[in-house]
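Colleague:
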Amino acid sequence: MAMDDRSFASLLRDLATESAELANALRRLSAAEWLLATPAAGWDIHDQVVHLAFFGDLALLGFTDPEGFGAAADELRAAGPDWVDVTNAQRTALAPDDTLRWFTDSHAALGRVLAEAGPGARTAWFGPSMSAASAATARLMETWAHGQDVYDALGLEHQATDRVRHVCHLGVITRGFAYELRGRGAPPEDVRVELLAPGGGRWAWGPADAADRITGSANDFALVVTQRRHRADTALRATPGAAEDWLGVAQAFAGAPGGGRLPGQFSGRQAGQPTGQLTGQLTEDEGSQ
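Take the UniProt record's numbering: the last position of the sequence shown gets the number 289, and nothing is skipped along the way.
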């Protein structure tokens, strides 16, 4: 079902708020903290913000200059399979203030363009074209997920809000995509997903009478489908079979199959405790994971 104008405006407000909250956290960082390692192997906080700003600009280009986007996409692909990493490496010297300004300006400009385009407008992307509504949802998911990496690096709480519903929805509708990435077909059984929203409501997807079910908090589900937490480190409950299998491959973001996080990776951490040392030698990164 196509998204109506009212729902689209609400989605854009949620994207703007998620971006603003991350920007507010980044403004308080020292130059050294921008170089703290995040849970994404090889990526520091600076890399995470560059990634968000860069892809925000690409999404903007897709709606404002389709031919320019096509040329940029071809150039990026020609750089090889690690082109996402290359975009970060090329900007390591960009000062934190300039990086933050780029991120905020990029997201603000994209929000304005999407609002003018309307939910049904379409753009080319790295695969099938997508609607403005889908583009906004994807940018919110990416901001939420990469923001989680930043908050984890700083040992800070990522406040749970009902904005996470967009992430959960994307996680549900990408079930088949996650299996395709791994060269598999999704099990034919329908899966019912019932989640407790941060605001106390309940959200559900799938047939109410489905035998295969996933239940738990919306935040836990979002963390799993964006691969920011291992399924074992959440309180999600899944019936054996199709539901449990899905949680093992769930991936709401594009790109190669992600490695996710390790079981117990975040146990025993205290607020303010970083996940890694200041970066010097970077290991192989996770791309957009």
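We put the beta carbon where it would ideally sit given N, CA and C, even for glycine.
Would you report the Cα separation of G56 and P207, rounded to the nearest angstrom?
Modeller: By one-based count along the sequence shown, residue 56 stands at place 56. By one-based count along the sequence shown, residue 207 stands at place 207. Going by the C-alpha atoms only, they are around 35 Å apart.
Colleague: Do you know offhand how far V167's Cα is from A93's?
Modeller: As a position in the sequence shown, residue 167 is number 167, starting the count at 1. As a position in the sequence shown, residue 93 is number 93, starting the count at 1. C-alpha separation (whole angstroms): 32 Å.
Colleague: List the whole-angstrom C-beta distance separating P119 from S131, where the pair is believed to meet the contact cut-off of C-beta under 8 Å.
Modeller: By one-based count along the sequence shown, residue 119 stands at place 119. By one-based count along the sequence shown, residue 131 stands at place 131. That pair is a contact at about 6 Å.
Colleague: Could you tell me the alpha carbon to alpha carbon distance between L58 and W205, rounded to whole angstroms?
Modeller: As a working mapping, residue 58 is identified with position 58 in the sequence shown. As a working mapping, residue 205 is identified with position 205 in the sequence shown. Rounded to the nearest angstrom, the two C-alpha atoms are 31 Å apart.
Colleague: Can T99 and A53 be called in contact, C-beta distance under 8 Å?
Modeller: In the sequence shown, the residue the question calls residue 99 occupies position 99. In the sequence shown, the residue the question calls residue 53 occupies position 53. Result yes, Cβ atoms of T99 and A53 sit closer than 8 Å.
Colleague: I believe A135 touches F8 by the beta-carbon criterion, under 8 Å. Please report the beta-carbon distance rounded to the nearest angstrom.
Modeller: Taking the sequence shown and counting its residues from 1, the one referred to as residue 135 is at position 135. Taking the sequence shown and counting its residues from 1, the one referred to as residue 8 is at position 8. About 11 Å; that fails the 8 Å criterion.
Colleague: With DSSP run on the structure shown, which of helix, strand or coil describes A25?
Modeller: As a working note, residue 25 is residue 25 in the sequence shown. In this structure, A25 counts as helix in the three-state DSSP scheme.
Colleague: Leaving out five residues before and five after G200 in sequence, what residues of the same chain have Cβ atoms less than 8 Å from its Cβ?
Modeller: Mapped onto the sequence shown, residue 200 falls at position 200. Excluding residues within five positions, none has a Cβ falling inside 8 Å.
Colleague: Going by DSSP, what residues sit across from A37 in a beta bridge?
Modeller: As a working mapping, residue 37 is identified with position 37 in the sequence shown. DSSP, once it has assigned bridges, lists D44 as partnering A37.
Colleague: Runs of 4 residues minimum, wholly inside the segment 118-156: which ones carry the alpha helix (DSSP H) assignment?
Modeller: You should have 132-154.
Colleague: Would you mind working out which of T161, F69, H230 and S30 sits nearest L15, comparing C-alpha positions?
Modeller: Here residue 15 refers to the residue found at position 15 of the sequence shown. It is T161 whose Cα lies nearest to the Cα of L15.
Colleague: Output yes or no for whether 8 Å exceeds the beta carbon distance between S106 and L60.
Modeller: The residue you call residue 106 lines up with position 106 of the sequence shown. The residue you call residue 60 lines up with position 60 of the sequence shown. Their beta carbons are under 8 Å apart, which means S106 touches L60 by this criterion.
Colleague: Among the residues of its own chain, which have a CB less than 7 Å from the CB of F126, if the five just before and after it don't count?
Modeller: Locating residue 126 in the sequence shown gives position 126, counting from the first residue. A73 and A254.
Colleague: In whole angstroms, give me the CA-to-CA distance for residue 325 and T174.
Modeller: Coverage of the chain is limited to positions 1 through 289, which leaves residue 325 absent and any answer about it impossible.
Colleague: Between which two residues does the alpha helix (DSSP H) containing E189 stretch?
Modeller: As a working mapping, residue 189 is identified with position 189 in the sequence shown. Taken as a continuous stretch (DSSP letters only), E189 belongs to no alpha helix (DSSP H), as it is neither H nor E.
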